[in-house]
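Data first, discussion second: the structure below is written as structure tokens.
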Amino acid sequence: MLDDAGRDERVRDLQQHRRPTSEERRQRGVADSPDRAPGREVPVPAREPFGMRAHRTCSGSTPPHTHTLPENTAPPPLEETDQVRENQTREAPAVTNSRRFLGLEHEVALIAAETSAVDVAYPKVLETVGGSLGWDFGAVWEESFDPRGFVRCAATWCADEGRHGDFAATSRKTALPPGAGLPGRVWSNSAPAWITDVQADPNFPRAEAAVAAGLHAAFCFPIRTARGVVGAIEFMTSSLKEPDDELLATTESLGSQIGQFVERSRAEASMREREARHGAILESALDCIITIDHNGRVLEFNSAAERTFGYQADEIVSREMVEMIVPPSLRDQHRAGLARYLDTGDPRILGQRLEITGMRADGTEFPVELTITRIPLPGPPAFTGFVRDITERKEAERDLRASRVRLLGAQNEERRRLERNLHDGAQQRLVSLALTLRLARDGLPE
């Protein structure tokens, strides 16, 4: 019979798949025959039932952390545990590799989540993957936008900069045409590839540099996005290695994962570039540029608008535009116009030059010229208004009208003066002529 200590040790032996020695069995007081009364309680950690079911006492309660072997079921022979241990030993490398590859995918996902720029992420990815696999050199190749379709080295990593730094420098200076070298081959075929020894490969332009660096085996896999291959990642090591099919299969997943990050990063970079251009236009524009949403609330208010209306952008953004820059007498009219457009889509006011009255922050009113455009985006409409202060133009127009009035007045006065002069001069000449005629008549003989 087993005492309590012996039972505990026996269970641990079974769980650890280890055959106890005869000396250990004698010390525990265990008989050579593994007889065991059915239904006897065996303390076993609850997390490792080892095929046992919970045992309930006659009172219905379950002793803590205890399990019972099914009745009429003997523990597995020790020979079977040896076979299990042998199978596990044989399968251990495959399990370890699978876990390592899953860990790599997780690490790459973390890098992608924590980094927004590909030029920052690439070195981290190379170090993570290369370091985990125990390889010595890594490089990222990407399209160079060369019309010939060449690919260029965008980033490198070395486990030992002293040994492989020169090879990294050579790679960074290299541009490969489609199909040339390992990266060019992978790019053209859109599939991963493996070279057991690059020094002996006839299609490896950097072979001389590889000899100097002592690099031999290499593998490379494509970076894929929805539009196709956008890059390739290459790893090399100083030893000869036969192709690893499991590793190459894992690179397919890594390539797609990195490709999604590249696509997102490029989209974000393009958006930042557009926003920068848009911001530069807004800030350098001489006219006021005001953008509102479908509720009439201000979304953008550029520097010219700040100078014209006397508000800072943060004072007016998210506020209703008509409450801020439209005179009270015209606000209902503006709201009605926006509501009418939203209801009917009538575009008559879009693209037209309208002269209206604006209101500054101090309440003063002034004339403005307004042109409205709709922003072509999905969802609720938004509108951009280009506003120009035409106070000076209106003043110039008033001055011009006044000048015209003054000029016309002067012209009329001059005409009247001339008329008077002509009238007076003609009358004087007629009187003189009449006197002359009278004198002449008086001097005639009768």
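All you need for this note's numbering is the position in the sequence shown, starting with 1, plus 2.
Even for Gly, the Cβ is constructed at its ideal location relative to N, Cα and C.
In this structure, ARG226 keeps its C-beta atom at 8 Å or more from the C-beta atom of GLY186. Residue nearest to VAL389 within the set ASN304, THR239, ASN414, ALA212 is ASN304 (criterion: CA-CA distance).
Counting along the chain, the unbroken beta strand (DSSP E) around THR293 starts and ends at 290-294.
Contact holds between the segment 170-184 and the segment 152-160, because three or more Cβ pairs, one in each stretch, are under 8 Å apart. In the DSSP assignment, THR359 forms a beta bridge with PRO369. Cβ contact annotation for ARG362 (same chain, cutoff 6 Å, sequence separation greater than five): PHE311, GLY312, in chain order. Judged by their CB atoms, VAL188 and PRO224 are nearer to each other than the 8 Å cut-off. Runs of the beta strand (DSSP E) lying entirely within the segment 249-309, each at least 3 residues long, are 290-294, 300-303 in chain order. The shortest CA-to-CA distance from ARG229 to any of PHE237, ASP203, ALA251, ARG268 is the one to ARG268. Beta-bridge analysis with DSSP links PRO224 to ALA234. Annotated three-state conformation of GLY132 is helix, per DSSP.
Here the segment 290-300 makes contact with the segment 318-327; the two share three or more CB pairs at distances below 8 Å. In the DSSP assignment, ARG165 falls within the alpha helix (DSSP H) that extends over 163-174. In this chain, the alpha helix (DSSP H) harbouring ASP316 covers 315-318.
The C-alpha of GLU397 is placed about 16 Å away from the C-alpha of ARG408. Put simply, of ALA170, PRO194, ALA220 the residue whose alpha carbon is nearest the alpha carbon of TRP137 is ALA220. GLN259 sits buried, since 16 or more C-beta atoms from the chains shown fall within 10 Å of its C-beta. Contact between SER190 and GLY181 holds, with the beta-carbon distance rounding to 5 Å and staying under 8 Å. If you ignore the 5 residues before and after ALA170, its C-beta comes within less than 6 Å of the C-beta of THR158, CYS160, all in its own chain and listed in chain order. Under the three-state reduction of DSSP, LEU402 is assigned to helix.
The beta carbon of LEU288 sits closer than 7 Å to those of ALA306, all from its chain and outside the five residues before and after it, given in chain order. Rounded to whole angstroms, ARG376 and GLY257 show a C-alpha spacing of 41 Å.
For PRO369, same chain residues with a beta-carbon under 7 Å away, outside a window of 5 residues either side, are GLU357, THR359, ILE392, THR393, LYS396 in chain order. Inter-residue distance for SER272 and SER331 is about 44 Å (C-alpha atoms, whole angstroms).
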